[in-house]
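Novice: First, the structure itself, so that you have it in front of you.
Protein chains: 2
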Amino acid sequence: MPSDIEIAQSATLQPIQAIAESIGLGAADIVPFGHHKAKVPLDVARSRGGAPGALVLVTGVNPTAAGEGKSTVSVGLADAFKLRERNPVLCLREPSLGPIFGIKGGAAGGGWSQVVPMEEINLHFTGDFHAISSAHALLAAMLDNHLYRPNSLDIDPTAITWPRAVDMNDRALRSIVVGLGGRTGGVPRQDGFVITAASEIMAIFCLADGLEDLEARLGRIIVGYSRDGEPITAAQLDAVGAMTVLLKDAINPNLVQTLGGTPAFVHGGPFANIAHGCNSLAATRAGLALGDVVVTEAGFGADLGAEKFFDIKCRFGGLEPAAAVVVATVRALKMNGGVAKDALGSEDVAAVRAGAVNLQAHVENVRRFGVPPVVAINRFTSDTPAEIEAVTAACREIGATAVVADPWGGGGEGCLDLADAVQSVIDSGEADYRPLYPTEGSLVSKLETVAREIYGADGVDVAPAAATEIERLERIGLRDVPVCIAKTQYSFSDDPTLLGRPSGFRITVREVTPSAGAGFVVAKTGAVMTMPGLAARPAAVGMEVVDGAVRGLF
Amino acid sequence: MPSDIEIAQSATLQPIQAIAESIGLGAADIVPFGHHKAKVPLDVARSRGGAPGALVLVTGVNPTAAGEGKSTVSVGLADAFKLRERNPVLCLREPSLGPIFGIKGGAAGGGWSQVVPMEEINLHFTGDFHAISSAHALLAAMLDNHLYRPNSLDIDPTAITWPRAVDMNDRALRSIVVGLGGRTGGVPRQDGFVITAASEIMAIFCLADGLEDLEARLGRIIVGYSRDGEPITAAQLDAVGAMTVLLKDAINPNLVQTLGGTPAFVHGGPFANIAHGCNSLAATRAGLALGDVVVTEAGFGADLGAEKFFDIKCRFGGLEPAAAVVVATVRALKMNGGVAKDALGSEDVAAVRAGAVNLQAHVENVRRFGVPPVVAINRFTSDTPAEIEAVTAACREIGATAVVADPWGGGGEGCLDLADAVQSVIDSGEADYRPLYPTEGSLVSKLETVAREIYGADGVDVAPAAATEIERLERIGLRDVPVCIAKTQYSFSDDPTLLGRPSGFRITVREVTPSAGAGFVVAKTGAVMTMPGLAARPAAVGMEVVDGAVRGLF
């Protein structure tokens, strides 16, 4: 089997104009970036299309270290819908540069299910992350410039909450002191960088309903507090017009293609812990306007990704998903059943059965949002028939359809059964989406609802500092908003070692922070890494350009 | 008179394919970025063209606070050559984001002599600065990652010379401490950010002769020293392949157009103090291959910009300039003649005459490189006929042709006389370019040569710390390289208040730093600002997006 980049680079791509044409867009409707990428202006996408397409979310079980292949299943599923002539559009997140050089390599699917041009998507793409980094940097510079000047807003230098951001894994920037060097060097204070995917601007970018809404949301960003404890916003720093100037082109969705020639919007890439972890609402809306079936993905497992997709993105965007695909792998269920990573190669049906409780819980959770699930068993070559039957049986127990899919080895052809199963669910019309909780209500009540109903916890404990912050946030107008819980992706609980379907545990909220521009409050249940580090041997070490082509990017 | 952005936005632009076609490039030869920008791959430009075009440098007198309009003259001159059907190509630097939000607004010419689309060129353009910022950040992260790991290269954390870089005016990042936050936060050490235009990668990017040379130059970057004083390079950190991956598309020149429809390569933007201050060699070469006359510009006055253009860029690139335009304004000569800024509105022929010694010195300096000069008097509405005659007379005294040009108000039409005068010089064939000094020789001898012959100084004093560093650099292989002097742009001397044509002064070299990848040694004659700050009311405050268009960017 060739590597992902070998497959991607050997593919013959269609001109992006042909991809655009397949969804009714002419050459003048798109803004080309090279021959295989384009931006579709928001107003073009909005002005097209009749009835919106059917929205299909791809989510998964609690992931393991290897990843369960949600992106790969998403691409394969979209390509299968294309083979079935269902006029699909795929919507995915954009990769972040930092992790590509750090440890993980590319993030555009894998094997015969990839979005292409793979290396361009993984590198600078159309510059959206750079635009977000610039807007973030401008706000940071204007904040410190205000402090350095007479500080007419009376900002407390010890109460600044706006970090700096860069799209790189750089642990040395996590905790820093800025403003040194004497009288002309600014005001000394503690600071730190987050990676761009963790910038609140990324979350805003992915939820904004057009440029005006973008500007309004940017204006509501809380950058810190005055000495008398009042929030200071980006609007008060007069930074918002210029930030919008920096983002005005980036906000337009990026159109590329899959290896199967399916149109794909790859746009926006917020973290799935301190943010909501889905591609931009603008891209999903464009897909729904231009396609008949839209396949999209949420980050991490369904406890985090699907919950936020439903409770944040669908709520804010007025989206009505028609179906959800829950991706499971035999490997992941075995690990959830107690098998160590290095023993995954041997058949262990009992472990699969034991771990399948994790899958069952996610399937039941998806149903709580009124969205009918289909389980996709993402096949690995080491899976045995008995192991796959164990997964299927576990799904039967709870009345769920499970279908084996092979997007990695088979592309769209490998996902035809899955597409047919999803199509049945769409056609059934049984979807009746509803968020888990109303926005009205105390923050703690909403945290309790998610913890009990989705995680299976006995309740929520709030650390004293977090309780104080909750009081403040509710006082300053951030009570009737959704909550965004940052939690380990490996467990339903906040303890990454509690696999399967744990019970008898409580969730501890340690820190609460506002994302007032995005429109939610983030509750952190542990130390959340918003600036990753590089590995001992970073992935960057193996990369090079040979005869103009990228090598070593996987 | 409408503002620059109003003029630019009201222009009807040709599709970039039509501009490309005018210099013999087909649609498949270029990589479009939207409808009015494209990249021209290096190998496409190299494979075209017969005899190289004539290279014309636009330089100027010592600038004043208002700027003397070198970019505007460059655009107008190129458009005048177009009116004369001379198949011109314009080559300019790319603007940096930081100053645009800081104080200065756009940097793409002015009035009726601009490169367009003005706001796109001034904002993210084709992402070159972002690519350079990313490559810079990757090297910084890999350096700190190496320190954090066993540090097998035995890098001295107190002897790291590789800063961090961001394309923003942010004084709070000038001097910082990184690596705080305990055991997982890296190694604490002093650090600081420069603006991306000051990154050595920018200088390398602008001198690299293709991707292989780029990679070799990146590898030679000195990031710091080991505990036993040996230089540590980027190659030793295994960062170079991945940095080249990040830069492989950026290195291709960007093609846009002037308001007069002249093809313009706008590519690369190094500082003119700690670097050489011209657009990329790749772009200039592409222009020479595709056009019959290439108009290009060097930063600051001719003492800094032209000297580096000749001694660094032309030397490294094997370029043979045919003519040089020395831009002067009546205002600048008056200031050089002792008039205060707020008195410039009144006629003062005596002051013009007194200040014209500055212009005479620059004209004579250009001749030292074997390049014939033409003086362009860039007309302002407040100039009087007697003042202009005083400039012309000063030029006559030294046998130089002076021509009044009005690129701002008249575009190419306003520069026809200038184009004709330059054409005469080109046709005369009198150009016989030679660098001022051979690369072989001690660093101090080269500093002396530039200081005496170009600045008119009596000699160079080297501060003790700089002398020690010169010894080290010569020992580690940086003796037989050009010198790049960072000096105030306002005076021939290192004292910004000594205007006109000062004499009886010495130049003091306070600090010397290697740019081993770029291939020169930087000598700083005073505190050089490599990270600007924002103004009290940053230009960003007035910017906004209205109906999708940028407002407030000048």
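Protein chains in written order, with our numbering: chain A, 1 to 554; chain B, 1 to 554.
By construction, the Cβ of each residue, glycine as well, lies at the ideal position given by its N, Cα and C atoms.
Every value quoted in this text rests on a predicted model; they were computed, and no experiment measured them.
Taking 7 Å as the limit between beta carbons, can you name the residues of its chain near A:His124, skipping five residues before and five after?
Specialist: Hits under 7 Å: His130.
Novice: Between A:Glu511 and chain B, is any beta-carbon pair separated by less than 7 Å?
Specialist: For A:Glu511, the answer is no, since every Cβ of chain B falls outside 7 Å of its Cβ.
Novice: Measuring only between beta-carbons, confirm whether B:Val366 sits less than 7 Å from chain A.
Specialist: Chain A, which has no Cβ nearer than 7 Å to the Cβ of B:Val366, makes this no.
Novice: Does DSSP put A:Leu25 in a helix, in a strand, or in coil?
Specialist: Looking at A:Leu25 - three-state DSSP - the assignment turns out to be coil, as it is neither helix nor strand.
Novice: When DSSP labels each residue in this structure, what does A:Gly219 get in the three-state scheme?
Specialist: Correct three-state label for A:Gly219: helix.
Novice: How should A:Ser133 be labelled, buried or exposed, when 16 other C-beta atoms within 10 angstroms of its C-beta is the threshold for buried?
Specialist: Classification of A:Ser133: buried, given that the 10 Å Cβ count is 16 or more.
Novice: With 9 Å as the limit, tell me which residues of the region 163-181 of chain B have their beta carbon closer than that to any beta carbon of chain A; keep them in chain order.
Specialist: Within the region 163-181 of chain B, the residues whose Cβ lies closer than 9 Å to some Cβ of chain A are Arg164, Val166, Asp167, Met168, Asn169, Asp170, Arg171, Ala172, Leu173, Arg174, Ser175, Ile176, Val177, Val178, Gly179, Leu180, Gly181, listed in chain order.
Novice: Helix, strand or coil: how does DSSP classify B:Ser133 here?
Specialist: Correct three-state label for B:Ser133: helix.
Novice: Roughly how many angstroms separate the alpha carbons of A:Ser175 and A:Met202, rounded to a whole number?
Specialist: Distance between the alpha carbons of A:Ser175 and A:Met202 is about 21 Å.
Novice: Does B:Phe193 come within less than 7 Å of chain A when only Cβ atoms are used?
Specialist: Closer than 7 Å: no.
Novice: With a Cβ-Cβ cutoff of 7 Å, do A:Asp209 and A:Ser96 count as a contact?
Specialist: Result no, Cβ atoms of A:Asp209 and A:Ser96 do not sit closer than 7 Å.
Novice: At what residue ranges does the region 412-458 of chain A contain a whole run of the alpha helix (DSSP H), taking only runs of 4 or more?
Specialist: Within the region 412-458 of chain A, the complete alpha helix (DSSP H) runs of at least 4 residues are 416-428, 443-450.
Novice: A:Ala198 and A:Ile274: beta carbons closer than 7 Å?
Specialist: Yes, Cβ-Cβ distance for A:Ala198 and A:Ile274 is below 7 Å.
Novice: For B:Leu247, I'd like the list of residues in its chain whose CB is within less than 6 Å of its CB, leaving aside the five on either flank, ordered along the chain.
Specialist: Result list for B:Leu247: Ala131, Ala135, in chain order.
Novice: According to the Cβ coordinates, are B:Lys70 and B:Val425 closer than 7 Å?
Specialist: No, Cβ-Cβ distance for B:Lys70 and B:Val425 is not below 7 Å.
Novice: Apart from the five residues on each side of it in sequence, which residues of its chain come closer than 7 Å, Cβ to Cβ, to B:Gln190?
Specialist: Result list for B:Gln190: Val177, in chain order.
Novice: Could you tell me the alpha carbon to alpha carbon distance between A:Pro15 and B:Asp4, rounded to whole angstroms?
Specialist: Approximately 36 Å, taken between the alpha carbons.
Novice: Specify the secondary structure class of B:Arg84 as computed by DSSP and reduced to three states.
Specialist: Here B:Arg84 sits in coil by DSSP.
Novice: Is DSSP giving B:Gly318 helix, strand or coil here?
Specialist: Note: B:Gly318 maps to coil in three-state DSSP.
Novice: Which residues of chain A have a Cβ atom closer than 7 Å to the Cβ of B:Pro538, listed in chain order?
Specialist: Simply Met142, Asn145.
Novice: Indicate the three-state DSSP secondary structure (helix, strand or coil) for B:Phe271 in the structure shown.
Specialist: Note: B:Phe271 maps to coil in three-state DSSP.
Novice: What number of angstroms, rounded off, separates the C-alpha of A:Val223 from the C-alpha of A:Ala234?
Specialist: Rounded to the nearest angstrom, the two C-alpha atoms are 6 Å apart.
Novice: Pull the bridge partners of B:Phe193 from the DSSP assignment, please.
Specialist: BP columns for B:Phe193 point to B:Arg164.
Novice: Residues bridged to A:Tyr557 by DSSP?
Specialist: Because chain A here runs from 1 to 554, residue 557 of chain A falls outside it and cannot be looked at.
Novice: In the region 30-107 of chain A, which residue ranges form an unbroken beta strand (DSSP E) of at least 3 residues, counting only runs that do not cross its ends?
Specialist: List check, beta strand (DSSP E) in window: 54-60, 88-92.
Novice: Does the separation of the CB atoms of B:His267 and B:Pro253 fall below 7 Å?
Specialist: Yes. Within cutoff.
Novice: Rounded to a whole number of angstroms, what is the C-alpha to C-alpha distance between B:Ala486 and B:Gly519?
Specialist: Computed Cα separation, rounded: 16 Å.
Novice: Under the three-state reduction of DSSP, which class applies to B:Gly277: helix, strand or coil?
Specialist: The answer is coil: DSSP assigns B:Gly277 none of H, G, I, E or B.
Novice: If you follow the beta strand (DSSP E) that B:Pro373 is part of, which residue opens it and which one closes it?
Specialist: Here the beta strand (DSSP E) through B:Pro373 covers 373-378.
Novice: Would DSSP call B:Phe265 helix, strand or coil?
Specialist: If DSSP states are grouped into helix, strand and coil, B:Phe265 belongs with the strands.
Novice: Can you tell me where the alpha helix (DSSP H) holding B:Ala350 begins and where it ends?
Specialist: That run of the alpha helix (DSSP H) goes 349-368.
Novice: Assuming the contact rule is C-beta atoms closer than 8 Å, B:Met142 and A:Leu534 should be a hit. Round their C-beta distance to whole Å, please.
Specialist: Right, their Cβ atoms sit about 7 Å apart.
Novice: Considering only residues of the same chain and omitting the five flanking positions on each side of A:Arg285, which have a CB-CB separation below 6 Å?
Specialist: Cβ neighbours of A:Arg285 beyond the five flanking positions: none.
Novice: Taking only beta carbons into account, state which residues of the region 87-110 of chain B come closer than 7 Å to chain A, listed in chain order.
Specialist: Those residues of the region 87-110 of chain B that come within reach of chain A (Cβ to Cβ, closer than 7 Å) are Leu97, Phe101.
Novice: By the 10 Å Cβ neighbour count, where 16 or more other Cβ atoms means buried, how is B:Asp43 classified, buried or exposed?
Specialist: The residue is exposed, with fewer than 16 neighbouring Cβ atoms inside 10 Å.
Novice: Between B:Thr196 and the rest of its own chain, which residues show a CB-CB distance below 6 Å, the 5 nearest in sequence each way excluded?
Specialist: Closer than 6 Å at the Cβ level, and outside the excluded window around B:Thr196, lie Phe129, Ile132, Ser133, Ala165, Asp167.
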